[in-house]
Structure formats: C-alpha cells, structure tokens
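See below for the structure under consideration.
Protein chains: 2
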Amino acid sequence: MKGREFKDAMYDGLAKLMKALANPARLEIIEMLSQGEKSVEGVVAATNLTVANASQHLQVLKNNNIVKFRKEGHYVYYSLVNSEFLALYQHITKYAVTEIAELEKTLNRQREDNKALNPVSLDELEMMIHNKNVLLMDVRPSAEYEFDHITGAVSVPMNELLCCLKDFSKEQEIIAYCRGPFCVLADEAVRILSENGFKVRRLDEGYPEWKMRQLESNQ
Amino acid sequence: MKGREFKDAMYDGLAKLMKALANPARLEIIEMLSQGEKSVEGVVAATNLTVANASQHLQVLKNNNIVKFRKEGHYVYYSLVNSEFLALYQHITKYAVTEIAELEKTLNRQREDNKALNPVSLDELEMMIHNKNVLLMDVRPSAEYEFDHITGAVSVPMNELLCCLKDFSKEQEIIAYCRGPFCVLADEAVRILSENGFKVRRLDEGYPEWKMRQLESNQ
DNA sequence: CAATTATTCAAGAGATTTGTTGAATAAATT
DNA sequence: AATTTATTCAACAAATCTCTTGAATAATTG
Chain A
0 MKGREFKDAM YDGLAKLMKA LANPARLEII EMLSQGEKSV EGVVAATNLT
50 VANASQHLQV LKNNNIVKFR KEGHYVYYSL VNSEFLALYQ HITKYAVTEI
100 AELEKTLNRQ REDNKALNPV SLDELEMMIH NKNVLLMDVR PSAEYEFDHI
150 TGAVSVPMNE LLCCLKDFSK EQEIIAYCRG PFCVLADEAV RILSENGFKV
200 RRLDEGYPEW KMRQLESNQ
Chain B
0 MKGREFKDAM YDGLAKLMKA LANPARLEII EMLSQGEKSV EGVVAATNLT
50 VANASQHLQV LKNNNIVKFR KEGHYVYYSL VNSEFLALYQ HITKYAVTEI
100 AELEKTLNRQ REDNKALNPV SLDELEMMIH NKNVLLMDVR PSAEYEFDHI
150 TGAVSVPMNE LLCCLKDFSK EQEIIAYCRG PFCVLADEAV RILSENGFKV
200 RRLDEGYPEW KMRQLESNQ
C-alpha cells in the first residue's frame, strides 16, 4: 500500500467515525444509552424520534462500533460498546460546553432560567457526600436509577417530585442530578424545589460522568 | 427556552462540531496544522487538495472555532485554535486506532510493510533518550522541525535521508518520528534505514503527541 | 396457527455536503 | 498604476445524508 492510499484509508475511516457522531439525533441516543441499555422503544420514549428512524440511527451507531445489542424476546436492547467510547464522548461534550462560546451561552441561559446556576462539581460532591445534611437526589426515570446510580443517591423521578415534596427537609441541602449537562431533568427539579423553598443545587454533570470517574479510579 | 428547544440547540451545536470533523480532507488539514501554523499554500503542498478546496475546508474549520488565522503580506497563516482542541483530536485518533478494528489493521499492515512494527512509545522514549547510544531523528520537512521538535532530536528531512546515510553509525539505535500515527514519513524512513543495515524503530506517535504531553506535565 | 408486538428493511423526496471551475479580492512588487 | 501572487468567493452538478412512509421479519401470545 502506497503512502497516499494508506493515508486515505486512515482519514476515511476516521471521518466515518466522526460522521456517525455528526447528527443530533444520534448524539441524543448516545446520551440515553450512556444511562444504561435501552430497547428501541426505550430510546423512542426518551426522544422525539419515530421507531423506524431510531432504529436506523441505531444501525449507523452499530455499524461504527459505537453500540452493541442483545436480543431478548421481542426486544433488542442496545448499549454503548465500551467505556473507552464513553470516555471519548464525554471528552467531546466537555470540550463543546467549555470551548464553544455558543454552547456555553445556551447552557448557562438554560440554567439561569431554572435557578440552577452555581452547580456542584463532582469534586465538590465528593467532599459533601459524607455530610449527613446533604441529600443527593437522582431525578432520572426509576429504570435508569435501578440500572445504576451514584452511591448514596435516592431516587426521585421527576413525575414523583411534586407529590414527594413533604418528605424532604428544608434544612438539608439537596443536590439534584440527572443524565448529564445536556439533560434538563435536574434543571427542572432545581426550579421546582427552589420555588418551594428548598435549598437546592444541581450537579454540574450527571450519572455517566460519575460512572466514568469510578472506572478510571479503579484502574 | 423549553426543555426540548434547549436540547435541540445543544445537540445541534455538538453535531455541528462533529460535522466539521467528519471529512477526511479536514482531518488531514488538522493533522498538518498540529505541526505548526501553515499558509493555505503550505497546506496544499502537503495534501492532495486544490487551493480553492483547501481554502474552503479551512473556512469550515474557522467557522467551528477549530483553527485561527493571522495575515502577513500575501499570506494567511492558519493554526489550531488551542491545546484543548489538540487534546480532543488526539483522543479521537487514539480511540480510532486502538478501538476500530479496521483502522488498527490498516495501520499495522502499513507498519509491517515498512518493517516499522515494534514501535517505541513515548514512555519508552523518555527512558531511552538519556542513553548516548540512541539517535532521535525528526524526518518531517525542516520548516516543521524549525517551528518546534522533540527535545534532543536531529532534523533529517526525508529528501535528505538517502544522502546522509554515511553520517550515521550502525552501532547506535535510531528512533525516527514524524507527524503522528497517520503520517507515513517515519515508516518510510524506517524502511530505508533498515534496508541499509541500520538499527531503527519508529516512534509510535509523533511530534504533536509529544507536545501535548509537555503541555500537560507543565500544568 | 393466527394475531400481536417490536424491530428492521426498502424506496423516495428533500436537504446538505463535496469538489470543481472560473472569477473576484487584496496585498506586494515592478 | 499595472502586474503578480495568495487567497477567497460564487455557482453548480454529483454524491451523501435525513426523515417519512408502508411493508416485511421475527418472536411471543392467545
């Protein structure tokens, strides 16, 4: 293989990977799958996609070794292929929200609207978690909590939040988290809790970022 | 801004960044610019692109905050916007060559063809570099060497390699490096030197990866 | 074994991306 | 001021990507 052929093969292959990521619907699917495996239906339920469309996007991700699947009964469960990919995806999103002015601005406006500025970082969380007066609240759907969650968190899915308000103390500080920086669940939780007089902040990132840390520190 | 609008804005923005990277010509340009700034002409000289096409790709990269430019006389010099982007790009390429089977295979076949298997890693290089019996050889064009190079390397551009053979000892081990894992210069250098009876290996990665390390260790 | 359910396949229209061509700018040199 | 040189712009056809629609598969249930 000549030098030019080799280069073309390598850059074409790299571009193919980037193309698989160059679509908003697929990025959203990746974020959903970073919460744990999901059936096609499960993906559809959490996005605006039609079933056929979600399936097609999942094929693209599968053909690029980004997701894997297993069959069980009627269902096909998809999940991210490995933690190396998850680490890469998180590097990309982290870069985007810190280095791309437009995205940083959109993110901050969203958090401002929901009184969720001044978020807690994972580092801070680590310090605070041993404080009995802090409540860590997982506001994702319960299936995602059950699959896995940050150690010490309690599950309060968004649809149960309003009716559970009386169970929480206004003395303790609440830290809400969800799927990650692009997820709006924790923002909404902060707004609702805050409007009801609770001391609440959101976690800067979400479950997948915490998980990644766990994996890294176990190496 | 409603939750769905926010998500769409974020994923669209992220996809826009990925789209900028989803093209082999632009990836090659990025790799060229990671050696140091280059004029449009300079980019053209190192790729298969026409001037107008290279300029267009550079506009795309500019509009996505991946490259910046400065004007000097006739020339417009482009360079990568910051080391955060370089770190991200290297994470992507590293992931691609280790996790995507097809790319890994292509890379290994190329190195096999050039007797450049068993490459030296940056870690190993660090250990060896104090050994007087090791010669670190930068085989990139001299302009790139002059812009910056790995500490202790000597410049032997590919076009001068054949006539310089007599200057090197067959006793010392030569380590050749170039622009990075996708670059063929070091492979060719290894093949030529090896066929002429020298003890030679290539560096697994290249100048930009070494540079990134320097930046990280200085933090 | 027919009906139901979850997923995939196939085809097509519309939008986007790509590289080419030739002309237009803009800065330096003659 | 005219010419040369490096770069950008604008327009276009070809290729690719995207989403929708409706049908096809494959596994389970009645």
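Taken in order, these protein sequences are the chains called A and B. Each step along the first sequence adds one to the number in numbering that gives the first Met the number 0, with nothing skipped, and position 15 is 14. Each step along the second sequence adds one to the number in numbering that gives the first Met the number 0, with nothing skipped, and position 210 is 209. We put the beta carbon where it would ideally sit given N, CA and C, even for glycine.
Give the DSSP bridge partners of residue i, in chain order.
i, result
"A:Met136", "A:Val153, A:Ala175"
"B:Phe68", "B:Tyr77"
"A:Leu202", "A:Val119"
"B:Lys37", "B:Tyr77"
Could you check what DSSP says for residue i in three-state terms: helix, strand or coil?
i, result
"B:Leu121", "helix"
"A:Leu16", "helix"
"B:Leu48", "coil"
"B:Lys165", "helix"
"A:Lys93", "helix"
"B:Gln55", "helix"
"B:Asn158", "helix"
"B:Asn195", "coil"
"B:Asn107", "helix"
"A:Glu170", "coil"
"B:Ile29", "helix"
"A:Val189", "helix"
"A:Gln213", "helix"
"B:Asp11", "helix"
"A:Ala21", "coil"
"A:Asp147", "coil"
"A:Val43", "helix"
"A:Asn113", "coil"
"A:Asn62", "helix"
"A:Lys131", "coil"
"A:Pro207", "helix"
"A:Arg6", "Note on residue identity: the sequence assigns Lys, not Arg, to residue 6 of chain A. Helix at A:Lys6."
"B:Phe84", "helix"
Alpha carbon to alpha carbon, what distance is there between residue j and residue i?
i, j, result
"B:Lys114", "A:Asp147", "47 Å"
"A:Glu194", "A:Tyr77", "38 Å"
"A:Pro23", "B:Ser141", "42 Å"
"B:Ala19", "A:Lys169", "47 Å"
"A:Val96", "A:Leu102", "5 Å"
"B:Phe5", "A:Arg139", "18 Å"
"B:Glu125", "B:Ser154", "19 Å"
"B:Leu16", "A:Ala21", "8 Å"
"A:Ile99", "B:Asn62", "11 Å"
"B:Ala152", "B:His129", "12 Å"
"B:Phe131", "B:Cys163", "Correcting the residue identity first, residue 131 of chain B is Lys in this sequence and not Phe. B:Lys131 and B:Cys163: Cα-Cα distance of roughly 20 Å."
"B:Arg25", "A:Pro156", "43 Å"
"B:Trp209", "B:Val133", "18 Å"
"A:Glu187", "A:Leu57", "29 Å"
"A:Leu121", "A:Tyr10", "36 Å"
"A:Met136", "A:Ala185", "9 Å"
"B:Val59", "B:Leu13", "15 Å"
"A:Thr105", "A:Lys1", "46 Å"
"A:Lys161", "A:Ile191", "This sequence places Leu at residue 161 of chain A; Lys is not what is there. Cα to Cα, A:Leu161 sits roughly 8 Å from A:Ile191."
"B:Glu111", "A:Ala8", "16 Å"
"A:Lys165", "B:Phe84", "47 Å"
"B:Gly41", "B:Gly72", "15 Å"
"B:Gly189", "B:Asn107", "Note on residue identity: the sequence assigns Val, not Gly, to residue 189 of chain B. So the alpha carbons of these two residues sit roughly 14 Å apart."
"B:Ser82", "B:Asn64", "12 Å"
"B:Asn217", "B:Ile149", "15 Å"
I want to check one thing, is the minimum distance from the CB of residue i to the heavy atoms of the ligand ADP below 6 Å?
i, result
"B:Leu184", "Ligands in the displayed structure: none, and consequently the ligand ADP is not present."
Meets three-Cβ-pair contact criterion under 8 Å: the segment 178 to 196 of chain B and the segment 24 to 39 of chain B: Contact holds: three or more Cβ-Cβ distances are below 8 Å.
Three CB pairs or more closer than 8 Å across the segment 42 to 52 of chain A and the segment 82 to 92 of chain A: no
Segment contact, 8 Å Cβ cut-off, at least three pairs: the segment 194 to 210 of chain B with the segment 117 to 125 of chain B: yes
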